[in-house]
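Engineer:
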Amino acid sequence: MTNYITQEGLNEFKKELEERLETRKEIARSIKSAKEQGDLSENAEYSAAKGEQAENERRINWLKGIIKKSKVAEKACKEKVEVGCFVELGKEKTGAINKFQVVGTHETNPAAGKISYESPIGRALMGKTVGNKIEVETPMGKDEYLIKSIS
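Positions 478 to 628 (my numbering) are the ones given, in order, by the sequence shown.
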């Protein structure tokens, strides 16, 4: 299965990977310094550095996998909703307006208005055009939205 991502998201992941590769070097220096202090069985500095190293390596491997396996979504955002598009929705019941960016699964950040194309709203939006109504099942029941704009 293809993991779609926005170009902006891919750039952010690449930047984080570069930073973590630099952090790797700093952690290695910390471990070397801690080893030089002698007995490792009671060396809190060494234990902390090894824990930090494990977490950093886990994240590096995750980032490399995402970067390698993801495909940048080519967005046109003129006629229909695609990954990367900004969508303005009007809630049918209340008239409230929400603006979202449809992004890849790993870029999701609801607080920043970024929703996954695999989320219930994201799935309902994909391929739709301005003026289309969508219905989404939420924990609070069904919500209906009208697509006001796509950019």
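For glycine and all other residues, C-beta sits at the position ideal for the given N, C-alpha and C. Values in this document were obtained by computation on a predicted structure and should not be read as measured data.
(1) Please check the pair R501 and N533, which I expect to be a contact at CB under 8 Å, by giving their CB distance rounded to whole angstroms.
(2) Run the CB neighbour count on S593, radius 10 Å, all protein chains shown included, and call it buried at 16 or more, exposed below.
(3) Quick one: grab the DSSP three-state call for T582.
(4) Among G618, I508, I544, which has the Cα closest to the Cα of K491?
(5) Should L498 go down as buried or exposed, given a rule of 16 or more other Cβ atoms within 10 Å for buried?
(6) In angstroms, rounded to a whole number, what distance separates the CA positions of N575 and V560?
(7) Is T483 near E584, with beta carbons less than 8 Å apart?
(8) Can you give me the C-alpha to C-alpha distance between C562 and E529, rounded to a whole angstrom?
Structural biologist: With the given structure in hand:
(1) 6 Å
(2) buried
(3) helix
(4) I544
(5) exposed
(6) 17 Å
(7) yes
(8) 37 Å
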